[in-house]
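**Student:** In order, the protein sequences belong to chains A and P. Heads up: the first sequence at position 263 corresponds to 383 in the numbering used here, and the numbers run straight through without jumps. Heads up: the second sequence at position 9 corresponds to 129 in the numbering used here, and the numbers run straight through without jumps. Glycine is no exception: its CB is placed at the ideal position from the N, C-alpha and C atoms.
2 protein chains.
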Amino acid sequence: MLSLKGSVRKHLIALVGFGTVAQGLCKILLEKRDLLKRDHQFEFEIVAVSTRSRGTMFHPAGLSLSYLNYLAQNKVPFVENLKEWDAEDMIRESNATVVIELAHSNMQDAEPAITHCRTAFKTGKHIICGNKGPAAVAYSQLKALAKKRGCAFLNEATVLSGTPTLGFYKNSLRGNPISRVRGILNGATNFILSEMEAGSSYDEAIQQAEKRGYLEAEKHADVEGVDAQAKLAILANELFDLTLELQDIKRVGISALTQVHIEAARRAGKRWKLVATLSNEGDNIVAHVEPEELDLSDPLAHVTGSMNAITFSTDHLGDVTITGPGAGGEETGYAVLSDLLTLNTGVYS
Amino acid sequence: MLSLKGSVRKHLIALVGFGTVAQGLCKILLEKRDLLKRDHQFEFEIVAVSTRSRGTMFHPAGLSLSYLNYLAQNKVPFVENLKEWDAEDMIRESNATVVIELAHSNMQDAEPAITHCRTAFKTGKHIICGNKGPAAVAYSQLKALAKKRGCAFLNEATVLSGTPTLGFYKNSLRGNPISRVRGILNGATNFILSEMEAGSSYDEAIQQAEKRGYLEAEKHADVEGVDAQAKLAILANELFDLTLELQDIKRVGISALTQVHIEAARRAGKRWKLVATLSNEGDNIVAHVEPEELDLSDPLAHVTGSMNAITFSTDHLGDVTITGPGAGGEETGYAVLSDLLTLNTGVYS
Numbered sequence: 121m122l123s124l125k126g127s128v129r130k131h132l133i134a135l136v137g138f139g140t141v142a143q144g145l146c147k148i149l150l151e152k153r154d155l156l157k158r159d160h161q162f163e164f165e166i167v168a169v170s171t172r173s174r175g176t177m178f179h180p181a182g183l184s185l186s187y188l189n190y191l192a193q194n195k196v197p198f199v200e201n202l203k204e205w206d207a208e209d210m211i212r213e214s215n216a217t218v219v220i221e222l223a224h225s226n227m228q229d230a231e232p233a234i235t236h237c238r239t240a241f242k243t244g245k246h247i248i249c250g251n252k253g254p255a256a257v258a259y260s261q262l263k264a265l266a267k268k269r270g271c272a273f274l275n276e277a278t279v280l281s282g283t284p285t286l287g288f289y290k291n292s293l294r295g296n297p298i299s300r301v302r303g304i305l306n307g308a309t310n311f312i313l314s315e316m317e318a319g320s321s322y323d324e325a326i327q328q329a330e331k332r333g334y335l336e337a338e339k340h341a342d343v344e345g346v347d348a349q350a351k352l353a354i355l356a357n358e359l360f361d362l363t364l365e366l367q368d369i370k371r372v373g374i375s376a377l378t379q380v381h382i383e384a385a386r387r388a389g390k391r392w393k394l395v396a397t398l399s400n401e402g403d404n405i406v407a408h409v410e411p412e413e414l415d416l417s418d419p420l421a422h423v424t425g426s427m428n429a430i431t432f433s434t435d436h437l438g439d440v441t442i443t444g445p446g447a448g449g450e451e452t453g454y455a456v457l458s459d460l461l462t463l464n465t466g467v468y469s
Numbered sequence: 121m122l123s124l125k126g127s128v129r130k131h132l133i134a135l136v137g138f139g140t141v142a143q144g145l146c147k148i149l150l151e152k153r154d155l156l157k158r159d160h161q162f163e164f165e166i167v168a169v170s171t172r173s174r175g176t177m178f179h180p181a182g183l184s185l186s187y188l189n190y191l192a193q194n195k196v197p198f199v200e201n202l203k204e205w206d207a208e209d210m211i212r213e214s215n216a217t218v219v220i221e222l223a224h225s226n227m228q229d230a231e232p233a234i235t236h237c238r239t240a241f242k243t244g245k246h247i248i249c250g251n252k253g254p255a256a257v258a259y260s261q262l263k264a265l266a267k268k269r270g271c272a273f274l275n276e277a278t279v280l281s282g283t284p285t286l287g288f289y290k291n292s293l294r295g296n297p298i299s300r301v302r303g304i305l306n307g308a309t310n311f312i313l314s315e316m317e318a319g320s321s322y323d324e325a326i327q328q329a330e331k332r333g334y335l336e337a338e339k340h341a342d343v344e345g346v347d348a349q350a351k352l353a354i355l356a357n358e359l360f361d362l363t364l365e366l367q368d369i370k371r372v373g374i375s376a377l378t379q380v381h382i383e384a385a386r387r388a389g390k391r392w393k394l395v396a397t398l399s400n401e402g403d404n405i406v407a408h409v410e411p412e413e414l415d416l417s418d419p420l421a422h423v424t425g426s427m428n429a430i431t432f433s434t435d436h437l438g439d440v441t442i443t444g445p446g447a448g449g450e451e452t453g454y455a456v457l458s459d460l461l462t463l464n465t466g467v468y469s
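1. Using a beta-carbon distance below 9 Å, is Arg172 of chain A in contact with chain P?
2. Check whether the Cβ of Val467 of chain A lies closer than 9 Å to any Cβ atom in chain P.
3. Determine the direct distance from the alpha carbon of Thr397 of chain A to that of Lys370 of chain A, and round the result to whole angstroms.
4. Using the Cα positions of Lys351 of chain P and Tyr190 of chain P, report the straight-line distance between them to the nearest angstrom.
5. Please name the residue, chosen from P:Glu338, P:Gly449, P:Val169, P:His340, that lies closest to Leu79 of chain P on a Cα-to-Cα basis.
6. With three or more beta-carbon pairs closer than 8 Å as the criterion, would you say the segment 283 to 291 of chain A touches the segment 438 to 454 of chain A?
7. Between Lys290 of chain P and Gly319 of chain P, what straight-line distance do the alpha-carbon atoms span, to the nearest angstrom?
8. Going by the DSSP bridge assignment, what does Asn428 of chain A pair with across the sheet?
9. Checking contacts by CB at 9 Å: is Gly307 of chain A closer than that to chain P?
10. What is the residue span of the beta strand (DSSP E) that Leu149 of chain A lies within?
11. Fully enclosed by the segment 301 to 361 of chain P, which alpha helix (DSSP H) runs are 4 residues long or longer?
12. I want to see whether chain P comes within less than 9 Å of Glu450 of chain A, judged by CB atoms only; does it?
13. Am I right that Ala421 of chain P and Lys393 of chain P are in contact with their C-beta atoms under 8 Å? What's the rounded C-beta distance?
14. Considering only residues of the same chain and omitting the five flanking positions on each side of Leu461 of chain P, which have a CB-CB separation below 7 Å?
15. In three-state DSSP terms, what is Asp415 of chain P?
16. Give the DSSP-derived three-state secondary structure of Ala264 of chain P in the structure shown.
17. Looking only at its own chain, which residues have a Cβ that is under 7 Å from the Cβ of Asn400 of chain P, when we skip the five neighbours before and after it?
18. Which chain P residues sit within Cβ distance under 9 Å of Thr441 of chain A?
19. Report the neighbours of Lys152 of chain P on chain A: residues whose CB is nearer than 8 Å to its CB, in chain order.
20. Chain P beta carbons: is any one of them nearer than 9 Å to that of Ile148 of chain A?
21. Three-state secondary structure (DSSP) at Val406 of chain P?
22. List, in chain order, every chain P residue whose beta-carbon is nearer than 7 Å to that of Asn291 of chain A.
23. Report, in whole angstroms, the separation of the C-beta atoms of Leu305 of chain A and Val279 of chain A, which I expect to be a contact under 8 Å.
24. Which two residues bound the contiguous beta strand (DSSP E) that contains Met177 of chain A?
25. Hey, quick one: how far does the beta strand (DSSP E) through Thr397 of chain P stretch, first residue to last?
26. Shortest alpha-carbon distance to Glu365 of chain A belongs to which of A:Met227, A:Lys245, A:Arg153?
27. Could you confirm whether any beta carbon from chain P is found closer than 9 Å to the beta carbon of Lys130 of chain A?
28. Report the rounded CA-to-CA distance for Thr171 of chain P versus Val136 of chain P, giving the unit in angstroms.
29. Compare the C-alpha of Glu221 of chain P against each of P:Ser214, P:His236, P:Asp459 and name the closest.
30. I'd like to know whether the C-beta atoms of Leu274 of chain A and Arg238 of chain A end up nearer to each other than 9 Å.
31. Compare the Cα-Cα distances from Gly182 of chain A to each of A:Pro254, A:Asn194, A:Asn201, A:Ala384 and report the closest residue.
32. Applying the criterion that 16 or more other CB atoms from any shown protein chain within 10 Å of the CB defines a buried residue, is Ala384 of chain A buried or exposed?
33. Go through its chain and collect everything with a Cβ distance to Glu324 of chain P's Cβ below 8 Å, but skip five positions before and after it.
34. Would Ala282 of chain P count as contacting chain A if we go by Cβ distances under 9 Å?
35. Is Thr176 of chain A near the ligand SAH, judged by its Cβ being under 8 Å from some heavy atom?
36. Checking 9 Å against the spacing of the C-beta atoms, do Ala277 of chain A and Thr452 of chain A come in under that value?
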């Protein structure tokens, strides 16, 4: 039997974006370098980092992780190893073997991230995305191009931050087709609804969510369900092999919910949650994101605060639910690491 | 990058035992033969089945799956392809490449299952266990022997029936060490406690559990926590690389709980659960199975009926919880299939 254990592989990483997720990833990589080599035969260097506001750093032998962590903690300009490259140049010209796309998600046309992916594949580089745009908007074209070029296109970080979802399905539910997924896919709205249950008004809950950094820059994307809709599109593409467009997914946000609704649900022994549902039975595809009044017997009713959860309805196990964090720089950084380790096994599809 | 996709492998299977799990496995294999070949490059034949009461069947080119399913549904003697072998002979003499050990778990000395494993490894055959004995009682010796002979020793089916647990940790939490696991690992006791919350006495709840087939032949093993204790020992061995003996794990069952306890917990807004805990922080190992009065804010408090759940406390994600079935022939049969598919990737440790 062939075993991949034993042969250490070295990955040269280029980062597009240097926000909280990239910084979370760098923190983990600095902490775990020895463990990753010893237990997972995984070696790496970060050879390039490109940002819009601080420029692009590049060193073909690898940038210092300690220096990157210093830059993460101190909002100073990049001064060493500067290159007059934008992200596109970096992807094309650098010696990276894998590009990690972590720029802000843009759900209109997902650019420039789609172009970044195309350039990476055309120059033989793998793509790991934290940015939801490419997989939500152009999954099948990008997957086909990646395949043609022998590259990986991995998106674990786009769905439930670090909580294993796509990899869980691919590795742990093999041979066990799913008919439905149903989940709480957005941490900010779940936090807001939990705050409202604790007595806050909608506006107060929004303020609390902002204060804790749970809301995206465009908070509309969270509270109107756009973020959950994009995640459901990615699940449709990755798990069901369906080519859904965002507009194929019905979407209702939580902004119309008031204390009156929350209180009425409580009296009825129920709880409001923003639930994303995708089912594919026969030719009948159902895909929607909307607030639902859940019975307390529903496992999703007990997912509170910024936690996320997803239930897979499977052929041989019935329902299996994973619950875990739905946000956070280190958490999402870990999802990127898990894709790097998938890449390292050489088995990806 | 090396990809294992594309090359179909054929596995020759010998079954020790032909109870509900083996029958559940055969049902899935019959249903999914084409899908497994197409999507997972997995081919197989069941070449031998050995039972204590019905004898041993063997055909080097493969027994008929339809005939095996007929035998599963009809309690008739084996008449075709009979061999005068016991399980040990079958393992040694047959042309199987993988032996699936599904005989009744014996927590005293785990024999003859340990001997079956040794014989399999010595003759170059992989072992997949549904029987908890070998991994609970002799994990490190068997793992070492398997490694020496280039064989796999896989135990997914021993912990939460089909709910992915060992594979989930190995595949989806790579590079993310855990400090603690905590779970509801026994479906029968969880069902009994749920029935008692619905008003049944302890004895009535036991009767209900027996009627539904949730209790093991020796119900002592369930209600006194022996089954959960064995599962915790397996988790200690597989996830923490600790060599725990069963007696290192403190164990208290649920047989002393009465309606008085259940009612007092309800009034305090709590719920009794049989909780297994294993933590390894610094040099301090904590391992116990005991009834705990859980706050309703605890995710494990909402795992009801025969469902199981396990929470992994991780370095980079905090707590991640999986909830799914804790019993059932098809469910546990699926866990065996998931180990076969792991074997098929060629990447196991």
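**Tutor:** According to the structure data:
1. no
2. yes
3. 10 Å
4. 32 Å
5. No answer is possible for residue 79 of chain P: the residues shown for chain P start at 121 and end at 469.
6. yes
7. 40 Å
8. A:Gly444
9. no
10. Counting along the chain, Leu149 of chain A falls outside any beta strand (DSSP E), though it belongs to the alpha helix (DSSP H) covering 140 to 160.
11. 307 to 317, 322 to 331, 339 to 343, 346 to 359
12. yes
13. 7 Å
14. His160, Phe162
15. strand
16. helix
17. Ser299, Phe360, Leu362
18. Ala429, Thr441, Ile442, Thr443, Gly444
19. Gly295
20. yes
21. strand
22. Gly287, Asn291, Ser292
23. 7 Å
24. 175 to 178
25. 390 to 401
26. A:Met227
27. no
28. 6 Å
29. P:His236
30. no
31. A:Asn201
32. exposed
33. Glu315
34. Ala is not the amino acid found at residue 282 of chain P; the sequence shown has Gly there. It does: the Cβ of Gly282 of chain P has a partner Cβ on chain A nearer than 9 Å.
35. Absence of the ligand SAH from the depicted structure is noted, as is the absence of any ligand whatsoever, leaving it without description.
36. yes
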